[in-house]
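Q:
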Amino acid sequence: MNKYCRLCSFFPALLLGVCSFHVASCQVSDLPAYNTGEVSSVIVPPIPDKLAFASESVPLEYYDTRESLEEDLAVTMYMHSKTLKTLRATKRYFPVIEPILEKHGVPADFKYLAVAESGLDPEAYSPAKAAGLWQILATTGKEYGLEVGTGVDERYDVEKSTVAACKYLKKAYERFGSWTLAAASYNAGMAGISRRMASQDEQNYYDLFLPTETMRYIFRILSFKLVERNPAAYGFYIDPEQYYEPYRYSVVEVSDRKINWSDVARQHGTNYKLLRELNPWIRGYQHDNVSGKTYKVKIPDANFRTEAR
Numbered sequence: 003m004n005k006y007c008r009l010c011s012f013f014p015a016l017l018l019g020v021c022s023f024h025v026a027s028c029q030v031s032d033l034p035a036y037n038t039g040e041v042s043s044v045i046v047p048p049i050p051d052k053l054a055f056a057s058e059s060v061p062l063e064y065y066d067t068r069e070s071l072e073e074d075l076a077v078t079m080y081m082h083s084k085t086l087k088t089l090r091a092t093k094r095y096f097p098v099i100e101p102i103l104e105k106h107g108v109p110a111d112f113k114y115l116a117v118a119e120s121g122l123d124p125e126a127y128s129p130a131k132a133a134g135l136w137q138i139l140a141t142t143g144k145e146y147g148l149e150v151g152t153g154v155d156e157r158y159d160v161e162k163s164t165v166a167a168c169k170y171l172k173k174a175y176e177r178f179g180s181w182t183l184a185a186a187s188y189n190a191g192m193a194g195i196s197r198r199m200a201s202q203d204e205q206n207y208y209d210l211f212l213p214t215e216t217m218r219y220i221f222r223i224l225s226f227k228l229v230e231r232n233p234a235a236y237g238f239y240i241d242p243e244q245y246y247e248p249y250r251y252s253v254v255e256v257s258d259r260k261i262n263w264s265d266v267a268r269q270h271g272t273n274y275k276l277l278r279e280l281n282p283w284i285r286g287y288q289h290d291n292v293s294g295k296t297y298k299v300k301i302p303d304a305n306f307r308t309e310a311r
């Protein structure tokens with residue numbers, strides 16, 4: 003089991019669908035879009051002839067690879083409400099995640115790993131005590147520079163947790179020389195992947211026998227990539243205005259020794275509820291800031307509630 007993160011067992015639907023895969027060779031635009039009158043029909047999900055993850059080819063010529071993708075794609079496709087919610091959230095969170103991945107040299111396809119982990123829910127918390135968009139465990143969060151406590155927990159900070167995830171993925175890539183194996187290690191741990199590679203004398207993810215969750219992990223990621231790239235091909239019809247809008251906010255600095263977050267909200271013309279909406283890393287009403295740390299806090303714009311859908 004990965005010391006860094008594990009799949010949210012309470013979110014199987016979205017886990018079925020996502021991780022970073024190279025879009026260019028996907029050819030998802032060529033897939034057929036089904037008539038809205040046929041959406042209720044149960045079909046075997048269409049898959050493209052070619053597919054890649056972070057520029058690494060997916061061997062769809064193998065029967066086991068194709069069947070695994072079809073299986074997880076079907077789950078993503080037919081878990082309607084969860085997949086729909088996540089699709090709508092992509093326009094809110096992908097513009098935040100993508101520049102951070104690029105800055106740290108991690109392929110853009112890894113935004114789908116966050117989908118697999120949390121369904122793009124910054125408040126996600128698993129039975130294994132993994133938290134946030136990237137489902138990071140407390141010990142690993144601290145290892146990668148996040149503040150983890152009862153009052154402030156930066157595993158719930160979208161930007162900072164994305165940076166931590168990038169650090170882990172870069173380290174895994176340096177170890178394995180494969181982005182696919184780096185993604186798999188996010189689920190099974192670097193040591194777990196290395197141990198099985200050595201035992202089986204295999205270097206390719208698609209040739210490894212792994213724990214069931216890890217063998218499905220890449221296909222869950224891939225399945226959401228396919229659905230996100232061409233929703234209509236899989237029965238999801240979303241008008242552009244129906245996607246969730248990115249949050250509009252300004253940033254203030256707070257460094258008081260004792261912080262009352264309700265007071266902070268009131269001083270800046272908002273309320274605690276909306277402050278928490280934009281800053282899910284705030285985990286209580288007050289914070290004893292013993293170190294005198296300066297926190298950058300997002301304050302909603304004046305028309306925040308009417309503009310953010």
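Terminal number for the sequence shown in our numbering: 311, no gaps in between.
Beta carbons are placed, not taken as given, at the ideal position from N, Cα and C, and that holds for glycine.
Please read all numbers here as calculations on a predicted model, not as lab measurements.
Consult DSSP for Pro101 and reduce its assignment to one of helix, strand or coil.
A: The residue labelled residue 101 in the question sits at position 99 within the sequence shown. Helix.
Q: Which class does Ser252 belong to by DSSP, given the choice of helix, strand or coil?
A: Taking the sequence shown and counting its residues from 1, the one referred to as residue 252 is at position 250. In this structure, Ser252 counts as strand in the three-state DSSP scheme.
Q: Within its chain, find whatever has a CB closer than 6 Å to the CB of Val98; leave out the 5 residues flanking it on each side and keep chain order.
A: One-based indexing of the sequence shown puts residue 98 at position 96. For Val98, where only same-chain residues beyond five positions count, the Cβ hits under 6 Å are Val160.
Q: Is Gly153 near Gly294, with beta carbons less than 8 Å apart?
A: Sequence index remark: in the sequence shown, residue 153 carries index 151 (1-based). Sequence index remark: in the sequence shown, residue 294 carries index 292 (1-based). No, the Cβ-Cβ distance between Gly153 and Gly294 is not below 8 Å.
Q: Using CA coordinates, which residue listed in Tyr65, Leu224, Ile261, Arg307 is at the minimum distance from Ala54?
A: Here residue 54 corresponds to residue number 52 of the sequence shown, with the count starting at 1. Of the candidates Tyr65, Leu224, Ile261, Arg307, the one whose C-alpha sits nearest the C-alpha of Ala54 is Leu224.
Q: Just to confirm before moving on: does the CB-CB distance between Ala56 and Pro109 stay below 8 Å?
A: Translated into positions along the sequence shown, residue 56 becomes position 54. Translated into positions along the sequence shown, residue 109 becomes position 107. Going by C-beta atoms, Ala56 is nearer than 8 Å to Pro109.
Q: Mark Gln202 as exposed unless 16 or more other C-beta atoms lie within 10 angstroms of its C-beta, in which case mark it buried.
A: For this step, residue 202 is matched to residue 200 along the sequence shown. Gln202 is exposed by the Cβ-count criterion.
Q: Give a yes or no on contact between the segment 123-141 and the segment 237-255, applying the rule of three or more CB pairs nearer than 8 Å.
A: They do not touch, by the three-pair rule.
Q: Counting Cβ pairs, one atom from each stretch, are 3 or more of them under 8 Å apart for the segment 189-205 and the segment 134-151?
A: Contact fails: fewer than three Cβ-Cβ distances are below 8 Å.
Q: By how many angstroms is the C-alpha of Thr272 removed from the C-alpha of Phe306?
A: Translated into the one-based positions of the sequence shown, residue 306 becomes position 304. Translated into the one-based positions of the sequence shown, residue 272 becomes position 270. Cα to Cα, Phe306 sits roughly 10 Å from Thr272.
Q: At which residues does the beta strand (DSSP E) containing Asn262 begin and terminate?
A: Within the sequence shown, the letter at position 260 stands for residue 262. From DSSP, the beta strand (DSSP E) with Asn262 extends over 260-262.
Q: Do you know offhand how far Ser257's Cα is from Tyr146's?
A: For this step, residue 257 is matched to residue 255 along the sequence shown. For this step, residue 146 is matched to residue 144 along the sequence shown. Cα to Cα, the separation comes out at about 23 Å.
Q: By Cβ distance below 6 Å, which residues in the same chain neighbour Tyr95 in space, the five residues on each side in sequence not counted?
A: Counted from its first residue, the sequence shown places residue 95 at position 93. Answer for Tyr95: Leu122, listed in chain order.
Q: Tell me the residue span of the alpha helix (DSSP H) that contains Asp66.
A: Translated into positions along the sequence shown, residue 66 becomes position 64. First-last of the alpha helix (DSSP H) with Asp66: 65-80.
Q: Quick check on Ile240: does DSSP put it in helix, strand or coil?
A: As a working mapping, residue 240 is identified with position 238 in the sequence shown. It is coil, neither helix nor strand.
Q: Pick from Val165, Gly194, Thr164: whose alpha carbon is nearest that of Arg177?
A: In the sequence shown, the residue the question calls residue 177 occupies position 175. Checking every option, the nearest Cα to that of Arg177 belongs to Gly194.
Q: Check each candidate in Asp155, Ser163, Tyr188 and name the one with the smallest Cα separation from Leu171.
A: In the sequence shown, the residue the question calls residue 171 occupies position 169. Checked all of Asp155, Ser163, Tyr188; the closest Cα to Leu171 is Tyr188.
Q: Helix or strand or just coil, what does DSSP make of Glu204?
A: Along the sequence shown, read from residue 1 onward, the residue named residue 204 stands at position 202. Coil.
Q: What span of residues does the alpha helix (DSSP H) with Ile220 cover, start to end?
A: Here residue 220 refers to the residue found at position 218 when the sequence shown is read from its first residue. From DSSP, the alpha helix (DSSP H) with Ile220 extends over 214-231.
Q: Between the Cα of Arg90 and those of Asp290, Arg250, Val229, spot the shortest distance and give me the residue it belongs to.
A: Translated into the one-based positions of the sequence shown, residue 90 becomes position 88. It is Val229.
Q: What is the DSSP secondary structure of Val44, reduced to helix, strand or coil?
A: Reading the sequence shown from its first residue, position 42 is the one you call residue 44. DSSP places Val44 in coil when its eight states are reduced to three.
Q: Decide if Thr216 is buried, meaning its Cβ has at least 16 other Cβ atoms within 10 Å, or exposed.
A: Residue mapping note: residue 216 aligns to position 214 of the sequence shown, counting from 1. With 16 or more other Cβ atoms within 10 Å, it is buried.
Q: Whole angstroms is fine: what's the gap from Ala234's alpha carbon to Pro47's?
A: For the purposes of this step, residue 234 is taken as residue 232 along the sequence shown, with counting starting at 1. For the purposes of this step, residue 47 is taken as residue 45 along the sequence shown, with counting starting at 1. Their backbone Cα atoms lie some 12 Å apart in a straight line.
Q: Answer yes or no: do Ile220 and Thr182 have a C-beta to C-beta separation smaller than 8 Å?
A: Translated into positions along the sequence shown, residue 220 becomes position 218. Translated into positions along the sequence shown, residue 182 becomes position 180. In this structure, Thr182 lies closer than 8 Å to Ile220 by Cβ.
Q: Between Leu86 and Phe238, what straight-line distance do the alpha-carbon atoms span, to the nearest angstrom?
A: Along the sequence shown, read from residue 1 onward, the residue named residue 86 stands at position 84. Along the sequence shown, read from residue 1 onward, the residue named residue 238 stands at position 236. For Leu86 and Phe238, the distance between alpha carbons rounds to 7 Å.
Q: What is the residue span of the alpha helix (DSSP H) that Val160 lies within?
A: As a first step, residue 160 must be located in the sequence shown, where it is residue number 158. Start and end: 160-178.
Q: Quick one: what does DSSP say Phe211 is sitting in, helix, strand or coil?
A: Position 209 of the sequence shown, counted from the start, is the residue given in the question as residue 211. Phe211 falls in the coil class under three-state DSSP.
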